[in-house]
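Chains as they are written, first to last, in our numbering: chain V, 23 to 368; chain A, 23 to 368.
Glycine is no exception: its CB is placed at the ideal position from the N, C-alpha and C atoms.
This structure is a prediction, so every number in the text was calculated from the model and none was measured.
I have placed the structure first, in the form of structure tokens, so that the comments after it can refer back to it.
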């Protein structure tokens, strides 16, 4: 049976995901029996299309690459244009809403409303947008459960590196007493460059010129991006209804070359570590630079790479290392959520 | 519904798994809805018990710890004794056979026959025994599929570190072009100790005195243990019907302190690497020591720890690090297979 998708947002991640579908459709169908179809795209700036019998993905990508808009997508019988996101979610025949609109980590909107609308209308929601998970996990997961639909968000932590699905499917049964990790590639890149001698300002500039850091780097360097991921991991992996105000957060902007050198002379390395730790019935959650001994697997994760260690009572410590961002990587995160939904995996 | 188990073998792994059930039964039932019951144990040396309504796990463990046998387990109505492994598999009311008898990596027996009997009689088989998977994967997985039962073996590679389930559930959709890793803790421990100055013979002795290496260390130090895991990964993760004779295999017993020092002076480190790589439609599989640059995540895996890197076309390289052996860790590997069977996960 064809699984129908509506994409809310068609920026970097949405297009990355569409490219995977364009290039791998036959492979996915032959090897996994996965037949998916994009029936709708609704983007605040680029416009919207809805074709109940399926849009042509290659054309969609070509049109948006050439014009930046969806307007030039050719007409066909039954094609509707300009449906806004909520109308698309409510009234399209999609089985699953792919929420890849912009992330507002303060309000979580409009993505939270998109999820609510999807679940109320019996549709699954899949996303890489951290907002709904970091700010409304309890409410949204309860609503999805009540409506018998799925709420999936592998891409919200470490993009296509399965930091969420791996523990939920392959470590469950353990008591996970702590998770800690490097959840922000920009700051890890800056710290790596500082170790080779650049000062903070120069390393930041370099990260900006490479596109790792934004013009306003606050969310990365002050730890807020990592904080959102810590909240998600606390809620989803450790089952604790932690909110973002309960996380102590310190970034890396105060670290000097002297700090970096001092760590090096002690056989250690600074890393910006996000951590959730169970302590006597409660959890303590922090984001802060920590000086790790080089024997710690996290200490050897360099450049923009991310990593996470799960401290398990039965399996022992398990570490997962991989990309934490990227168009194709995040597109894959959407794909793996869909594969598991179609397979009916818990 | 209670899921009934028959344990074939009750050594280290079987008892480790039984201890987890004894200690975590309530937790597993409350949190995962997993209700399992051991109805039979059949061990070649310790004897056998079958109680269709369930054996008492705590008593089972206590009896075997105190006497080394199952004989003193108390009588009860309906209890049968001395059923051999095949009779237990065929005639007990178990839903799943837990194959934790001894591993014969040359013949795979009697474990292969145990799997055949289980599948023929509509029972799942779960194991940490490498034999059936390394030697008869194609036949056994086809038979299990035909009979509509499950063939699970997370514990055969890296024990409770989910080197098999993670890629199957969380990386599928990728083209995995290469897997490579440290699959033998004994040799990695020896190499780690050699780096701190011990010669090979002394490091081996130390590994033996700590219980990492056997009296006859051949299977570890010549790479045969890693080879079995390479064959499993080729078959299961990369879908290639590789047999063990097709793997080039070299161990670490020829490495000298001078080799170790030379690598160190080049900023590198020797690791015994198992590798399966796709090359123009076929695969090349090897076990051999390799000098890795310290920027490789595998280079920083020290002591008895194991690790694996999957090279994925969409997610990029993903590395998983964790224990590769241990009674509780391998017991967990059995548990996670059962959890996924009971959940009906693909």
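- When V:42, V:330 and V:158 are compared, the shortest CA-CA separation from residue 360 of chain V is found for V:42.
- Against chain V, a Cβ distance below 8 Å from residue 365 of chain A picks out 367 and 368.
- When 8 Å is used as the limit between beta carbons, residue 212 of chain A is near no residue of chain V, the shortest such separation being about 18 Å.
- With distances taken between CA atoms, residue 244 of chain V lies nearest to V:294 out of V:294, V:341 and V:284.
- For residue 231 of chain V, the enclosing alpha helix (DSSP H) starts and ends at 222-231.
- For the pair of segments examined, the stretch 153-172 of chain V was found not to touch the stretch 150-163 of chain A: the number of CB pairs separated by less than 8 Å stays below three.
- Beta-bridge annotation (DSSP): residue 332 of chain V is paired with V:201 and V:340.
- For residue 70 of chain A, the enclosing beta strand (DSSP E) starts and ends at 69-72.
- As DSSP reads the structure, residue 62 of chain A sits in a beta bridge with A:28 and A:72.
- Comparing alpha carbon positions, the residue from A:333, A:89 and A:139 closest to residue 259 of chain A is A:333.
- Within the stretch 92-124 of chain V, no residue has a Cβ lying closer than 9 Å to any Cβ of chain A.
- In the same chain as residue 125 of chain A, and ignoring 5 residues on each side of it, the C-beta atoms closer than 6 Å to its own belong to 151, 152 and 153, in chain order.
- Using a CB distance cut-off of 9 Å, residue 258 of chain A does not count as an interface residue toward chain V.
- Chain A has a Cβ within less than 9 Å of the Cβ of residue 182 of chain V.
- In the three-state DSSP reduction, residue 290 of chain A falls in the strand class (E or B).
- Cβ-Cβ distances below 6 Å link residue 24 of chain V to 57 and 59 in the same chain, with the five nearest sequence neighbours on each side left out; the list follows chain order.
- By the Cβ test, the stretch 26-36 of chain A is not in contact with the stretch 192-208 of chain V, since fewer than three Cβ pairs between them sit closer than 8 Å.
- Chain V places no beta carbon closer than 9 Å to that of residue 149 of chain A, leaving this residue out of the contacts.
- Contact annotation: the stretch 326-343 of chain A touches the stretch 169-186 of chain A, with at least three C-beta pairs closer than 8 Å.
- For residue 148 of chain V, there is no enclosing alpha helix (DSSP H); the enclosing beta strand (DSSP E) covers residues 146-149.
- A check of alpha carbon separations from residue 353 of chain V across V:268, V:62 and V:121 identifies V:121 as the nearest.
- Contact annotation: the stretch 277-293 of chain A touches the stretch 313-320 of chain A, with at least three C-beta pairs closer than 8 Å.
- Counting only Cβ-Cβ distances below 9 Å, residue 42 of chain V has contacts in chain A at 195 and 336, in chain order.
- The C-alpha of residue 160 of chain A is placed about 39 Å away from the C-alpha of residue 223 of chain A.
- If you ignore the 5 residues before and after residue 325 of chain A, its C-beta comes within less than 6 Å of the C-beta of 211 and 214, all in its own chain and listed in chain order.
- Residue burial annotation: residue 118 of chain V is buried, with at least 16 other C-beta atoms found within 10 angstroms of its C-beta.
- Exclusion of the five residues before and after residue 199 of chain A leaves 299, 300, 333, 334 and 335 as the residues of its chain whose Cβ lies within less than 8 Å of its Cβ.
- Contact between the stretch 72-88 of chain V and the stretch 98-105 of chain V is present: three or more C-beta pairs spanning the two stretches fall below 8 Å.
- Look at residue 121 of chain V here: in three-state DSSP terms it is strand.
- As computed with DSSP, residue 162 of chain V is found in no beta bridge at all.
- If you draw a 10 Å sphere on the C-beta of residue 140 of chain V, you find 16 or more other C-beta atoms in it, and that means buried.
- By the C-beta density criterion, residue 62 of chain V is buried, having at least 16 other C-beta atoms within 10 angstroms.
- In summary, residue 236 of chain A is exposed, with fewer than 16 beta-carbon neighbours lying within 10 Å of its beta-carbon over all protein chains present.
- Neighbours of residue 187 of chain A across chain V, judged by C-beta separation under 9 Å: 188, 191 and 192.
- DSSP, reduced to helix, strand and coil, places residue 53 of chain A within a helical segment of the structure shown.
- Secondary structure note for residue 304 of chain V: its beta strand (DSSP E) is the uninterrupted segment 304-315.
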